[in-house]
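> Residue numbers (our numbering), protein chains in the order written: chain V, 6 to 155; chain L, 613 to 1035.
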């Protein structure tokens, strides 16, 4: 994330990269100190860094979906790391199941984000409110379907 | 079980809300793309989460001897799928893990029955209540967690490892029931006591024909009857000296169990007095049931700090029957127990003391005030033992690592040669 933010080359991109880097440091500190509240802050810093680095770009970035998925993956792995305790013996099926769950969630979330980015690029900024409402509605619809299936 | 949201749910929800608002305010569609995965995680996570339903039971062997390994089984039966169930068994002091995992995470499918096994080693005697067993079930995305613990836990009673005693202390007086102790008085028995001239009523089988032929008159044999005895085991639980692995109370309890086992085997009546911060007593009785009662009562013995100055008046009279032998096991650390022992002797009880020595649990420094204090303490202990001996009480010091039989023999020797003192 930090590298991606720095890759813009200009001063604003560097500032964004610095903010994202701060997020990385906060994430690392949160994991080392086993301080869960640091994780959302780290995600927010990293996301903010990305947004700052995109300040002067009017075109919607297609990589935003990947960045969103990466942020979720980082948060999930950090949460898993904090939840794990060396004293607790995790059976293999538990680890496999959790790995698959995280992977499926990240892929699914990235795909949905990709669709959203595509839709937003087509409709541009005029339809942003509708896009946000659409995201919430889509998530709610998926949740209802999953609930009914379960 | 109590179900609650984890920090992850609130963090993801906050990130989602913040991101969507920021996207609207800044007019940047990318922020929606950054935020959407977290919103999806929350939505999907809450949709697929369901309250976990499962039952858990724990079972273990209820009785063991020190050093034994005990198998513990936790049975889990799930009626709904449980993605991740953390199980943690807390072990009380005195039980140590010998095999298996004390904490583990398992996954249970719907209707699955799973048995988790672990082995613990009984390191110290006592009544150990296992657990609690903590259970924590997480949903697939870790947004909600249900926590609880097992309410009914088994109690493992670990009996002390006993020394084997070849000979035990014999009381001066016997009781009226038959037993293994040769009584001092004469009566119906096997052990030859004396001869006397025949008297009307004497049975023919008791006539000593050789003596009769030699003396011209009819003489009969007299014998000592075999009777049982009453033995009261007096455990001083006012104070103890504790080392890393053992304490004077541990030694006293082991010795008491060994003595009780030996006396019950001789058909003697055995009672117990645990004299300390909490007074416990067991009236004398005989048989295996009484042995279990004594040992079970011993398991509950512990040092309770108390400043209450108590004497033997608080002991019920039926617990101290007349002509009973009182065997006290005491580290002689607390003045109250020493006074109680002297009081018992003054009231005419047949008393002997096994001094469970606290000296090996203390370390003498090479020099300085501490070493002088240590020396004075040792001298005071010697003086205390002499004071008890002057009162007619047989005292023997018993140290950790030496056989109990040695201390018992020392007491027996004292009682064989010493005269009964009337104080």
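Cβ atoms here follow ideal geometry from the backbone N, Cα and C, with glycine treated the same way.
#1: What in chain L is Cβ-close to residue 32/V, meaning under 9 Å?
#2: From the beta carbon of residue 718/L, is the nearest beta carbon of chain V less than 8 Å away?
#3: Checking contacts by CB at 8 Å: is residue 39/V closer than that to chain L?
#4: Compare the Cα-Cα distances from residue 1027/L to each of 964/L, 754/L, 731/L, 996/L and report the closest residue.
#5: DSSP three-state call for residue 96/V: helix, strand or coil?
#6: Kindly indicate the opening and closing residues of the beta strand (DSSP E) around residue 687/L.
#7: When the distance is taken between beta carbons, is residue 790/L closer than 8 Å to residue 1106/L?
#8: Where does residue 804/L land, buried or exposed, given buried means 16+ other C-beta within 10 angstroms?
#9: So, helix, strand or coil for residue 740/L, using DSSP?
#10: Within the continuous alpha helix (DSSP H) that includes residue 71/V, where are the two ends?
#11: Short check: CB of residue 781/L to CB of residue 937/L, under 8 Å?
#12: Express the C-alpha separation of residue 865/L and residue 988/L in angstroms, rounding to a whole number.
#13: Exposed or buried, what is residue 984/L when buried is set at 16 or more other beta-carbons lying within 10 Å of its beta-carbon?
#14: Please return the same chain residues whose Cβ sits closer than 8 Å to the Cβ of residue 676/L, not counting the five positions on each side in sequence.
#15: Could you give the C-beta distance for residue 953/L and residue 1005/L, rounded to a whole number, given that I count them as a contact under 8 Å?
#16: Thinking just about the alpha-carbon of each residue, which of 752/L, 904/L, 859/L is nearest to the one in residue 1012/L?
#17: Kindly indicate the opening and closing residues of the alpha helix (DSSP H) around residue 868/L.
#18: So which of 911/L, 740/L, 895/L has the shortest CA-CA distance to residue 929/L?
#19: At what residues does the alpha helix (DSSP H) containing residue 649/L begin and finish?
#20: Assuming residue 76/V and residue 51/V form a contact by the criterion Cβ under 8 Å, report the distance between their Cβ atoms to the nearest whole angstrom.
#21: According to DSSP, simplified to helix, strand and coil, what is residue 896/L?
#22: Mapping the DSSP letters down to three states, classify residue 711/L as helix, strand or coil.
#23: So, is the C-beta of residue 640/L closer than 8 Å to a C-beta in chain V?
#24: Just the C-alpha distance for residue 715/L and residue 93/V, rounded to the nearest angstrom, thanks.
#25: Looking at residue 909/L and residue 884/L, is the spacing between their C-beta atoms short of 8 Å?
#26: What's the C-alpha gap between residue 665/L and residue 720/L?
#27: Give me the Cα-Cα distance between residue 90/V and residue 624/L, rounded to the nearest whole angstrom.
#28: Tell whether a beta-carbon distance below 8 Å holds between residue 955/L and residue 990/L.
#29: Since residue 118/V meets chain L, which of its residues come closer than 7 Å, beta carbon to beta carbon?
#30: Does the beta carbon of residue 728/L come closer than 8 Å to any beta carbon on chain V?
#31: Counting Cβ pairs, one atom from each stretch, are 3 or more of them under 8 Å apart for the stretch 870-886 of chain L and the stretch 843-850 of chain L?
#32: Taking the continuous alpha helix (DSSP H) assigned at residue 809/L, which residues delimit it?
#33: Tell me whether residue 720/L sits in a helix, a strand or coil according to DSSP, three-state version.
#34: Taking a cut of 7 Å between CB atoms, which residues from the stretch 78-90 of chain V lie near chain L?
#35: Can you give me the start and stop residues for the alpha helix (DSSP H) that residue 49/V sits inside?
#36: Could you tell me which chain V residues have their CB closer than 8 Å to the CB of residue 753/L, listed as they occur along the chain?
Taking the structure as given:
#1: Going along chain L, no residue has its Cβ under 9 Å from residue 32/V, so there is no contact; the nearest lies around 13 Å.
#2: yes
#3: no
#4: 964/L
#5: coil
#6: 681-690
#7: Nothing in the structure corresponds to residue 1106/L, since chain L is present only between 613 and 1035.
#8: exposed
#9: strand
#10: 69-88
#11: yes
#12: 28 Å
#13: exposed
#14: 682, 734, 768, 769, 770, 771
#15: 7 Å
#16: 859/L
#17: 860-877
#18: 895/L
#19: 641-660
#20: 6 Å
#21: strand
#22: strand
#23: yes
#24: 5 Å
#25: yes
#26: 10 Å
#27: 22 Å
#28: no
#29: 645, 648, 649
#30: no
#31: yes
#32: Run containing residue 809/L: none in the alpha helix (DSSP H); it sits in the beta strand (DSSP E), 803-809.
#33: strand
#34: 84, 88
#35: 43-58
#36: 106, 110
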